[in-house]
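Undergrad: So that we are looking at the same thing, I have put the structure below in structure tokens.
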Amino acid sequence: MTSHAAIELRGIDKSFGSVQAVRGVSLRIEHGSITGIVGENGAGKSTLMSILYGLYRADAGEIRVEGRPVEMTSPRDAIGQGIGMVHQHFMLVDSFTVLENLILGAEGGPLLAGGLAAARTELARLAHEYGLAVDPDARVADLSVGEQQRVEILKVLFRGARILILDEPSAVLTPQETDRLLQILRVLRDRGVTVVLITHKLREILSVTDTVIVMRRGEVVAERATSKTSAEELAELMVGRKVRFSFDKAPVRAGEPRLVARGLSLVDGRRVRVLDDISFEVRAGEIVGVAGVSGNGQTELLQVLSGIRRPTGGTLEVCGRRVDADHPADPAEMRELGVAHVPEDRLRQGLVPAFLASETSILGYQDREPFCHNYLLDGPAVGKHCAELMERFDVRPRTPGLLSSSFSGGNQQKLILAREMARHPRLLLVGQPTRGVDIGAIEFIRRELIASRDAGCAVLVVSVELEEILSLADRILVMSGGRIVGEVAAADADERTLGLMMTGARAA
Ligand SMILES: Nc1ncnc2c1ncn2[C@@H]1O[C@H](COP(=O)(O)OP(=O)(O)OP(=O)(O)O)[C@@H](O)[C@H]1O
Numbered sequence: 002m003t004s005h006a007a008i009e010l011r012g013i014d015k016s017f018g019s020v021q022a023v024r025g026v027s028l029r030i031e032h033g034s035i036t037g038i039v040g041e042n043g044a045g046k047s048t049l050m051s052i053l054y055g056l057y058r059a060d061a062g063e064i065r066v067e068g069r070p071v072e073m074t075s076p077r078d079a080i081g082q083g084i085g086m087v088h089q090h091f092m093l094v095d096s097f098t099v100l101e102n103l104i105l106g107a108e109g110g111p112l113l114a115g116g117l118a119a120a121r122t123e124l125a126r127l128a129h130e131y132g133l134a135v136d137p138d139a140r141v142a143d144l145s146v147g148e149q150q151r152v153e154i155l156k157v158l159f160r161g162a163r164i165l166i167l168d169e170p171s172a173v174l175t176p177q178e179t180d181r182l183l184q185i186l187r188v189l190r191d192r193g194v195t196v197v198l199i200t201h202k203l204r205e206i207l208s209v210t211d212t213v214i215v216m217r218r219g220e221v222v223a224e225r226a227t228s229k230t231s232a233e234e235l236a237e238l239m240v241g242r243k244v245r246f247s248f249d250k251a252p253v254r255a256g257e258p259r260l261v262a263r264g265l266s267l268v269d270g271r272r273v274r275v276l277d278d279i280s281f282e283v284r285a286g287e288i289v290g291v292a293g294v295s296g297n298g299q300t301e302l303l304q305v306l307s308g309i310r311r312p313t314g315g316t317l318e319v320c321g322r323r324v325d326a327d328h329p330a331d332p333a334e335m336r337e338l339g340v341a342h343v344p345e346d347r348l349r350q351g352l353v354p355a356f357l358a359s360e361t362s363i364l365g366y367q368d369r370e371p372f373c374h375n376y377l378l379d380g381p382a383v384g385k386h387c388a389e390l391m392e393r394f395d396v397r398p399r400t401p402g403l404l405s406s407s408f409s410g411g412n413q414q415k416l417i418l419a420r421e422m423a424r425h426p427r428l429l430l431v432g433q434p435t436r437g438v439d440i441g442a443i444e445f446i447r448r449e450l451i452a453s454r455d456a457g458c459a460v461l462v463v464s465v466e467l468e469e470i471l472s473l474a475d476r477i478l479v480m481s482g483g484r485i486v487g488e489v490a491a492a493d494a495d496e497r498t499l500g501l502m503m504t505g506a507r508a509a
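By the numbering used here, the letter at position 2 of the sequence shown is numbered 3, and the numbering carries on one by one without gaps.
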């Protein structure tokens, strides 16, 4: 055992304009350990790791790797120091094979002196050593999300990384894939790799890490041995107050149907039937949850219900109006009917990264009073509206004039939710409401969704988090293979039964 830490940070500071993202951070990460980094949205976790990986330059402070002070001016420097990072959004080329992706960017490296054959041998060795089985000749586009993530990890190991940083790796995974990932992280640690894991999921922190570092408002506020802490303590350290993990709901008082789907279907451009004979209702004053392994039609269902895609068959009635293949309605018309939509993919469909937060806060509603008069946008009114939403939904920083892309992921999500919920919609469609969101904000968002339901809104929530569906929904629909394969009252459901229904092992 060496006396040096794998990584030591001393007095790291980083500001973006007037926002101090990281302040005076000093920490040690020990060899062959799994260290978790937790903290609220915007606490500075990703910024700190981006500094370590050479994506950002620190304004002040020192980085030591294996006891040596190092300058990180680019990811190339970090890779040279044996540090690799797996991002939440994968950086693979879809049309290339696994092997081609692996060597992309490593051309000219020592391994490639032996050509493709040597790379293939090395890939097989790494896959075997770390339990990361993938087909080297498969096209990345044909792999599942979990497999793609394994390729990302292999890519980092292939470049010789001994220190692996993962930024919210499970945000895109199913529960089964997440378990598999945690198992892989344990193997990596046991083989001497140092792992740093950023996640909002305290279950993962408690199950896999050795040490947890808690950040709040840019600072490290606590460090704990995982075996000596609990979800409750970590939550309180992160948020600065006690967090409730579950809450009581008033009994459901469902009113008139706001959404009625009968035999709805969607055949896509490849002639695949992605929605097949879908029939269900959502009534005023209830929350209907859609559970399922991602990729089983939930995304397409939300797209059809919000007017983004036109169904190819069946009937759909929303807020009393037919809006199906024979009576098409686009998203703007849906909004007119009182439909609000929080899309699953916030970066592509929820906001425009290059727009200001104030512009994001009215996206889709920009031609309405009080934001627009005589075709002219009223800047001060938009700014005021955005500032109010930011205050109510605790979006940080409270700066309407900042680019949407400058907000942390969780704060972007809060801004989109604020925009859609502020309209007091009649029907609220929400995809993955708390993906990438910290636990304080999860509590807040769930409370707001329940308040909307109690105020008479019809709410449809699609989530891959069964715990989320169980804590929010009054009724649960289970989707598999583009069909609704079961329906249960939330009171009669548990994670195990839903899991079995999702995989088709049990019918409702
Ligand atoms: N490129 C940037 N330009 C301006 N501000 C930024 C930039 N990147 C991050 N910030 C700000 O720095 C702060 C820290 O953000 P960071 O992304 O590090 O938080 P985080 O803890 O990773 O949050 P999350 O859990 O939501 O991903 C936030 O206030 C964020 O708005």
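Think of the CB as a built atom: it goes at the ideal place given N, C-alpha and C, for glycine as much as any other residue. Keep in mind the model is a prediction, meaning the values are calculated, not measured.
On the DSSP bridge assignment, give the partners of Leu378 in chain order.
TA: DSSP, once it has assigned bridges, lists Cys373 as partnering Leu378.
Undergrad: Quick one: which unbroken beta strand (DSSP E) runs of 3-plus residues sit fully inside the segment 234 to 290? Chain order, please.
TA: Qualifying beta strand (DSSP E) stretches, in chain order: 258 to 268, 274 to 284.
Undergrad: Look at the Cβ atom of Leu499, then the Cβ atom of Leu467, and state whether they are nearer than 8 Å.
TA: In this structure, Leu467 lies closer than 8 Å to Leu499 by Cβ.
Undergrad: For Gly12, count neighbouring C-beta atoms within 10 Å of its own C-beta (all shown protein chains included) and say buried if the count is 16 or more, exposed if not.
TA: Gly12 should be labelled exposed.
Undergrad: Under 8 Å Cβ to Cβ from Gly132, same chain only, skipping five residues before and after it: list those, please.
TA: Counting only Cβ-Cβ distances below 8 Å, and skipping sequence neighbours, we find Gln184, Ile185, Val188.
Undergrad: Taking the Cβ atom as the reference point for each residue, do Gly40 and Lys46 lie within a distance shorter than 8 Å?
TA: In this structure, Lys46 lies closer than 8 Å to Gly40 by Cβ.
Undergrad: Skipping 5 residues on each side, what residues in its chain have a beta carbon closer than 6 Å to that of His32?
TA: So the qualifying residues of the chain are Ala7, Thr195.
Undergrad: Residues in the same chain with beta-carbon distance under 6 Å from Glu220, minus the five sequence neighbours each way, listed in chain order, please.
TA: Only Arg24 meet the Cβ criterion.
Undergrad: Run the proximity test for Ala59: is its beta-carbon closer than 7 Å to any non-hydrogen atom belonging to ligand 1?
TA: No, Cβ of Ala59 sits at least 7 Å from all heavy atoms of ligand 1.
Undergrad: As a quick exercise: from Leu501, Ile485, Ile440, pick the residue whose alpha carbon is nearest that of Met239.
TA: With distances taken between Cα atoms, Met239 lies closest to Ile440.
Undergrad: Run the CB neighbour count on Pro371, radius 10 Å, all protein chains shown included, and call it buried at 16 or more, exposed below.
TA: Exposed is the call here.
Undergrad: Could you check the C-alpha separation between Val283 and Leu348 for me, to the nearest Å?
TA: So the two alpha carbons sit approximately 27 Å from each other.
Undergrad: Residue range of the beta strand (DSSP E) that Ala330 falls in?
TA: Where Ala330 is concerned, there is no enclosing beta strand (DSSP E), given that its DSSP letter is neither H nor E.
Undergrad: Less than 6 Å between C-beta atoms, sequence neighbours within five positions excluded: which residues of the same chain meet that for Gly314?
TA: Excluding sequence neighbours, Gly314 sits near Ser266.
Undergrad: Here's the rule I'm using: 16 or more other beta-carbon atoms within 10 Å means buried, otherwise exposed. How should Ala229 be labelled?
TA: It should be noted that the sequence gives Lys, not Ala, for residue 229. Answer is exposed; the Cβ neighbour count stays below 16.
Undergrad: Would you check if there are 3 or more beta carbon pairs closer than 8 Å linking the segment 336 to 344 to the segment 425 to 432?
TA: Flag = yes, the segment 336 to 344 and the segment 425 to 432 touch.
Undergrad: Expressed to the nearest angstrom, what Euclidean distance is found between the alpha-carbon atoms of Ile164 and Val438?
TA: Spanning the two alpha carbons is a distance of roughly 26 Å.
Undergrad: Under three-state DSSP, which class holds Thr3?
TA: Legend: pLDDT at Thr3 = 49, less than 50; position of this residue unreliable, no value from coordinates given.
Undergrad: At which residues does the alpha helix (DSSP H) containing Glu511 begin and terminate?
TA: Residue 511 lies beyond the stretch modelled for the chain, which goes from 2 to 509, so this question has no answer here.
Undergrad: Taking only the alpha-carbon atoms, compute the straight-line gap between Ile279 and Asp143 and give it to the nearest angstrom.
TA: Taking the straight line from one Cα to the other gives about 27 Å.
Undergrad: Taking all protein chains shown into account, do 16 or more other C-beta atoms lie within 10 angstroms of the C-beta of Met2, making it buried, or fewer, making it exposed?
TA: Caution applies to Met2, whose pLDDT of 47 falls short of 50 and renders its modelled position unreliable; the model cannot decide the point.
Undergrad: Assuming Pro137 contacts Arg160 under a Cβ cut-off of 8 Å, what Cβ separation, rounded to an integer in Å, is found between them?
TA: At roughly 16 Å, the Cβ-Cβ gap does not stay under 8 Å, so Pro137 and Arg160 are not in contact.
Undergrad: Excluding the 5 residues preceding and the 5 following Glu67 in the sequence, name in chain order all residues of the same chain whose CB lies nearer than 6 Å to its CB.
TA: Same-chain partners within the cutoff: His5.
Undergrad: In terms of DSSP beta bridges, what is Arg140 paired with?
TA: Answer by DSSP bridge pairing, in chain order: Thr98.
Undergrad: Does Phe356 come out as helix, strand or coil in the three-state DSSP assignment?
TA: In the structure shown, Phe356 sits in coil (DSSP, three-state: anything other than H, G, I, E or B).
Undergrad: Excluding five sequence neighbours on each side, which residues of the same chain lie with their C-beta closer than 7 Å to the C-beta of Arg311?
TA: Correct list, in chain order: Ala326, Pro329.
Undergrad: Using 8 Å as the threshold, is the C-beta distance between Ala128 and Leu155 below it?
TA: Taking 8 Å as the Cβ cut-off, Ala128 and Leu155 qualify as a contacting pair.
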